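With the first letter of the sequence shown counted as 1, position 114 gets the number 118 in the numbering used here; the numbers rise by one all the way through. Cβ coordinates follow ideal geometry from the N, Cα and C atoms, glycine included. Predicted, not measured: the structure shown is a model, and the values here were computed from it.
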Amino acid sequence: DIAAGHGLCLLDPHGDLAVRLAPRTIVAAEEWMAEARGRSFTPTREEVEQQLVEPLLQQLAIDSGDTIATLARGRLGIGQDAESVRNQSKALGVTRARVYQMLEECHSVMSIRWPDGRRQLDEFAQWLDENYASAEAANLLASLRELLYPLKFDSVADHFKAEAS
Numbered sequence: 005d006i007a008a009g010h011g012l013c014l015l016d017p018h019g020d021l022a023v024r025l026a027p028r029t030i031v032a033a034e035e036w037m038a039e040a041r042g043r044s045f046t047p048t049r050e051e052v053e054q055q056l057v058e059p060l061l062q063q064l065a066i067d068s069g070d071t072i073a074t075l076a077r078g079r080l081g082i083g084q085d086a087e088s089v090r091n092q093s094k095a096l097g098v099t100r101a102r103v104y105q106m107l108e109e110c111h112s113v114m115s116i117r118w119p120d121g122r123r124q125l126d127e128f129a130q131w132l133d134e135n136y137a138s139a140e141a142a143n144l145l146a147s148l149r150e151l152l153y154p155l156k157f158d159s160v161a162d163h164f165k166a167e168a169s
């Protein structure tokens, strides 16, 4: 009775299908990146913003609240000019250190919600580069990667591997 929401009960545990539970926002981002890579042209900055960044910001809002999502939006320059941490700290009436702590929440959320996200974003960035995407699209993706998966959280070995490739 799939219509009643009992579809998982019908899966054969010894069959060829596996079920992966993931937030809809993450699945939407993954599906869009796969679709974009299948095209003969690269996405614009606006498309990266709407189809990739926005779903991930929605996930941040769900898991961390609107303040963290608003800070992330400001850092990325989504719907506004990019904001410095100094300006964000003044606007919130907190120290810059507190803003950095709050922005680290983005990494905490994504490392749990989308553990494969760093690899997928890295591969998408490489594809953009190889296919001569606009600097605006590539720069937005680079900012997103640094916000969600900052290099400072990598092990030294991972960092050297990333530099070598």
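{"query": "Nearest-angstrom Cα distance between L151 and N135?", "result": "24 angstroms"}
{"query": "What's the C-alpha gap between Q92 and G83?", "result": "15 angstroms"}
{"query": "Cβ of T146 within 8 angstroms of Cβ of A129?", "result": "Note on identity: in this sequence residue 146 is Ala, with Thr being the wrong assignment. The answer is yes: Cβ separation under 8 angstroms."}
{"query": "For P27, which of P17, R49, K94 and L61 has the nearest alpha-carbon?", "result": "L61"}
{"query": "Secondary structure at N135, three-state DSSP: helix, strand or coil?", "result": "coil"}
{"query": "Short of 7 angstroms in beta carbon distance, which residues of its chain neighbour E109, apart from the five on each side in sequence? Order them along the chain.", "result": "S68 and I72"}
{"query": "Within a Cβ cutoff of 7 angstroms, which residues of the same chain sit near W118, ignoring the five residues on either side of it in sequence?", "result": "I30"}
{"query": "Given that a residue counts as buried once 16 or more other Cβ atoms are within 10 Å of its Cβ, and exposed if not, what is A95?", "result": "exposed"}
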